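Contents: one structure, followed by commentary.
Protein chains: 2
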Amino acid sequence: MDPIRVGICGFGTVGSGTFRVLERNRADIAARVGRDVIVTHIGARRDNPRCSTGDTRVSRDLFEVVRDPDVDIVVELIGGCDTARSLVLEAIAAGKHVITANKALIAQHGNEIFAAASARGVSVAFEAAVGGGIPIIKAIREGLAANHIEWVAGIINGTGNYILSEMRERGRSFAAALAEAQALGYAEADPTFDVEGIDAAHKLAILASLAFGIPLQFDRIYCEGISGLSSEDIAYAEELGYRIKHLGICRRTPTGIELRVHPTLIPDDRLIANVNGVMNAILVRGDAVGPTLYYGPGAGSEPTASAVVADIVDVARTLTADPEHRVPHLAFQADRLSSEPVLPIESVRTSYYLRVTVLDQPGVLWRIAQILSDAGISIEALIQKEAPEDQDTATMILLTSVTEERRMIDAIRAIEAQDATRGPVRRIRMEKLDG
Amino acid sequence: MDPIRVGICGFGTVGSGTFRVLERNRADIAARVGRDVIVTHIGARRDNPRCSTGDTRVSRDLFEVVRDPDVDIVVELIGGCDTARSLVLEAIAAGKHVITANKALIAQHGNEIFAAASARGVSVAFEAAVGGGIPIIKAIREGLAANHIEWVAGIINGTGNYILSEMRERGRSFAAALAEAQALGYAEADPTFDVEGIDAAHKLAILASLAFGIPLQFDRIYCEGISGLSSEDIAYAEELGYRIKHLGICRRTPTGIELRVHPTLIPDDRLIANVNGVMNAILVRGDAVGPTLYYGPGAGSEPTASAVVADIVDVARTLTADPEHRVPHLAFQADRLSSEPVLPIESVRTSYYLRVTVLDQPGVLWRIAQILSDAGISIEALIQKEAPEDQDTATMILLTSVTEERRMIDAIRAIEAQDATRGPVRRIRMEKLDG
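The listed protein sequences correspond, in order, to chains Y and U. Each residue of the first sequence is one higher than the last, beginning at 904 in the numbering used here. Each residue of the second sequence is one higher than the last, beginning at 904 in the numbering used here.
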């Protein structure tokens, strides 16, 4: 059979990795696909010494790749949303299949892009957009196709996980761990996207669509980063048998869908609690299969290339297939997407870790317990740290029962209004993540 | 589009689970596939009260299902090899696609079955044959298609893992833990297949084929069970920072492929070391992606049904596709399978845990170290337990460097020939399983 002709737009870390993997494993890949996969055209805005491109045509204008009749599949690896969106839409209009690793693009413009692709009868594949080299999109979209998926919880930002791992293992502050991550190249100079949860929210939007058959709704996600975490809270959590992880969580409830990214206490005997460093892991619970977990490198040149090339192989297999028989972009047929509402964070139900600083005087714990009890919240665990000799305040750590967030907000307000309370109550959500 | 018509042969635990999942999640599944999936015919050799079958046709003769013109896909869930093989081959000859959860059948007759299926232009899918509900076959065959896969190591028998978890967590003997597993229904009355590693070897044969593009070679697998393990060894391993897991391992080496099932020490900080109870996990290392791990329930009615139904969805999508564009049964095109040799166990290279009982007298350790050193083996860790007051023997635990198994066998023979050595040397293989 004729070779599959691939055009790569963007020749940075992932683009050069994709080229390298396709070259190095050419024989293995051809033996799998049953035909050669060759890169016929590379679009690179600047000279890039990362990888020799051999005889492959190279263009400075990325749109040359899209317009090249010798390209069957366009791989978009430039990142960002503006040019990437134009490039992808033009490739679709030209009848080319598209592969992208761009989570921001899919999360924010996926609904438009998939509609255009379906109308034109081409595929847009995006395995690399979530979990790097972990084939999590395939797992949810195809591997768990039998299931009514109940929830997904994932460590889907390696930079954040590295920082939290360093804070726990070495007792570092957030700032010190971030500096270390930057020195190692795990975090950008401006780390906002990673540490404030925006990158994780992009990925969660995608996971939630695939799991629940809802349109992409990035702007409905509640998003809280890790920059406010202290190593003190990490240590207290550990004392109580928990780890703090930055999770993307989506869950079906009878009244709607929870979509949230935030630091989360999880019991330390859960496998996902033991995923450290830059690694990613996604825990998916289906009604038939129960809990399944997928673990691997969530970023990096060749791990991401691994997912891009898997998409190339998949798309190559469906080049001649009737589009109706392809796996739908968002797992469910486009005309059967669900309109289930996304819940506001105030309606989310979870349990909580609370750290309260109080004057070290009798009756304080009793009053806090009373406020929580009046709100229908019970205390499931408690540590009370005696005040050091030279201070008059003590620290109380409480783990609560499950409650609605709006009740907890009110209760915290009431606790903070107590005379004996000093400073704000520190609150972190908690999930059991049991089977 | 017309519904997909499924015939289920065998209505035990997995068959009834498959029927139940298809009924319960009918709407979700149809929204994914774009057409209904209906069970038109069930073959059940005896009455089965597990699940009402509604209006579905039921036959006592399983071959009626295969011959039914109203069946597009035959699901073989009877287990065993003889009737299952005939049933599957007859279904293929009748031009029907086949789905099976039968690892013994695939491991022992897969080469024949896939050849017949390819000749007839039909698919045989077997996701449920390895790792229950974990979509591990899809992950290796499609998700990691970019990679030259280096090794796979898996906890692929839940019964064995349950027994080892009980032995470690509660200090139980093998016999007591087995009895417990039997009482809970995790182990059969005759537990040989599970505890002697035969079930794991069936699954490893399949994983190795998919990973390396070699034919199924069940009879070349070295297979050692867990019935000889003592809780003493589990405790010593723990003292040294290791867990003992029963792993199926396949690995490429420059001289051939290692295929082996045996108890294995692994460092306790590895994620896979922390997979407990009946859960399964498979760790796959690819050259591009690095390490990835897949975790979930490896058996049970609905977890296994989850994989069977995922196969139904996959096959439904390719019903009209050109067979040349389907994913090849063994991941690589049938005419491109590799003939790389399987290494005998004597040529496998690994490190070892040794437990030696010796007379408590001076110079004994020195002589053992000398024997190992002469064989080019170094000691990487050592615990020496002093003899209890009323005994004259002491126990030494040694962790060694990596060596070829034949050298280790000779060294052990030499140690056992020492006057001071009492009884056989207990030896367990050890793997780092690092990225």
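Note that beta-carbon positions come from the ideal geometry of N, C-alpha and C, so glycine has one too. Note that this is a predicted model, so its numbers are computed, not measured.
Can you tell me which of the three DSSP states residue i falls into?
{"i": "residue 1120/U", "result": "coil"}
{"i": "residue 1287/Y", "result": "strand"}
{"i": "residue 1008/U", "result": "helix"}
{"i": "residue 1089/U", "result": "coil"}
{"i": "residue 1083/U", "result": "helix"}
{"i": "residue 1142/Y", "result": "helix"}
{"i": "residue 1257/Y", "result": "strand"}
{"i": "residue 1246/U", "result": "coil"}
{"i": "residue 944/U", "result": "strand"}
{"i": "residue 962/Y", "result": "strand"}
{"i": "residue 1240/Y", "result": "coil"}
{"i": "residue 1137/Y", "result": "helix"}
{"i": "residue 1150/Y", "result": "strand"}
{"i": "residue 1014/U", "result": "helix"}
{"i": "residue 1114/Y", "result": "helix"}
{"i": "residue 1252/U", "result": "strand"}
{"i": "residue 1166/U", "result": "strand"}
{"i": "residue 1158/U", "result": "coil"}
{"i": "residue 900/U", "result": "Since the first residue of chain U shown is 904 and the last is 1338, residue 900/U is not available in this structure."}
{"i": "residue 1103/Y", "result": "helix"}
{"i": "residue 1331/Y", "result": "strand"}
{"i": "residue 1228/Y", "result": "helix"}
{"i": "residue 1325/U", "result": "coil"}
{"i": "residue 1221/Y", "result": "helix"}
{"i": "residue 1064/U", "result": "helix"}
{"i": "residue 1280/Y", "result": "coil"}
{"i": "residue 918/Y", "result": "helix"}
{"i": "residue 1297/Y", "result": "strand"}
{"i": "residue 980/Y", "result": "coil"}
Inspect the beta-carbon positions of residue i and residue j and report whether they are closer than 8 Å.
{"i": "residue 1275/Y", "j": "residue 1303/Y", "result": "yes"}
{"i": "residue 1307/U", "j": "residue 1169/U", "result": "no"}
{"i": "residue 975/Y", "j": "residue 938/Y", "result": "no"}
{"i": "residue 1301/Y", "j": "residue 1282/Y", "result": "yes"}
{"i": "residue 1261/Y", "j": "residue 1163/Y", "result": "no"}
{"i": "residue 1324/U", "j": "residue 1026/U", "result": "no"}
{"i": "residue 1146/U", "j": "residue 1071/U", "result": "yes"}
{"i": "residue 1059/Y", "j": "residue 1033/Y", "result": "yes"}
{"i": "residue 1105/U", "j": "residue 1219/U", "result": "no"}
Could you tell me if residue i is buried or exposed, where buried requires 16 or more neighbouring beta carbons within 10 angstroms of its beta carbon?
{"i": "residue 1269/U", "result": "exposed"}
{"i": "residue 1069/Y", "result": "buried"}
{"i": "residue 984/Y", "result": "exposed"}
{"i": "residue 1091/Y", "result": "exposed"}
{"i": "residue 957/Y", "result": "exposed"}
{"i": "residue 1298/Y", "result": "buried"}
{"i": "residue 1087/U", "result": "exposed"}
{"i": "residue 1024/U", "result": "exposed"}
{"i": "residue 1095/U", "result": "exposed"}
{"i": "residue 1167/U", "result": "buried"}
{"i": "residue 1223/Y", "result": "exposed"}
{"i": "residue 1242/U", "result": "exposed"}
{"i": "residue 1030/Y", "result": "buried"}
{"i": "residue 1205/U", "result": "buried"}
Quick one, which residues of the segment 924-941 of chain Y are near chain U if we go by CB-CB under 7 Å, in chain order? 924, 928, 931, 932, 934, 935, 937
Residues within the segment 1049-1076 of chain Y neighbouring chain U, beta-carbon criterion of under 9 Å: 1049, 1050, 1051, 1052
Any C-beta of chain U within less than 9 Å: which residues of the segment 988-1001 of chain Y qualify? none
If contact is defined by three or more beta carbon pairs under 8 Å, each pair taking one atom from either stretch, is the segment 1059-1068 of chain U in contact with the segment 1090-1102 of chain U? yes
Should the segment 1031-1038 of chain Y be called in touch with the segment 1193-1202 of chain Y, which here means at least 3 C-beta pairs below 8 Å? yes
Taking contact to mean at least 3 C-beta pairs separated by less than 8 Å, is the segment 1285-1294 of chain U in contact with the segment 1146-1162 of chain U? no
Does the segment 1143-1151 of chain U touch the segment 1040-1054 of chain U, meaning 3 or more C-beta pairs lie closer than 8 Å? no
Got a sec: which bits of the segment 1217-1246 of chain Y sit with their beta carbon under 8 Å from any beta carbon on chain U, in order along the chain? 1217, 1220, 1221, 1222, 1223, 1224, 1225, 1227, 1228, 1229, 1230, 1231, 1234, 1235, 1236, 1239
Would you call the segment 920-935 of chain Y and the segment 1224-1240 of chain U touching, i.e. three or more CB-CB distances under 8 Å? yes
Determine which residues of the segment 1098-1119 of chain Y have a Cβ less than 9 Å from any Cβ of chain U, and write them out in chain order. 1116
Taking 8 Å as the cut-off, does the segment 1206-1215 of chain Y touch the segment 1207-1217 of chain U (at least 3 CB pairs, one atom from each stretch)? no
Counting Cβ pairs closer than 8 Å, one from the segment 1001-1010 of chain U and one from the segment 963-981 of chain U, do we hit at least three? yes
Listed in chain order, which residues of the segment 999-1028 of chain Y have Cβ atoms closer than 7 Å to some Cβ of chain U? none
For the segment 961-986 of chain Y, which residues have a CB atom closer than 8 Å to at least one CB atom of chain U, in sequence order? none
Where the segment 1270-1293 of chain Y meets chain U: residues whose CB sits under 7 Å from a CB there: none
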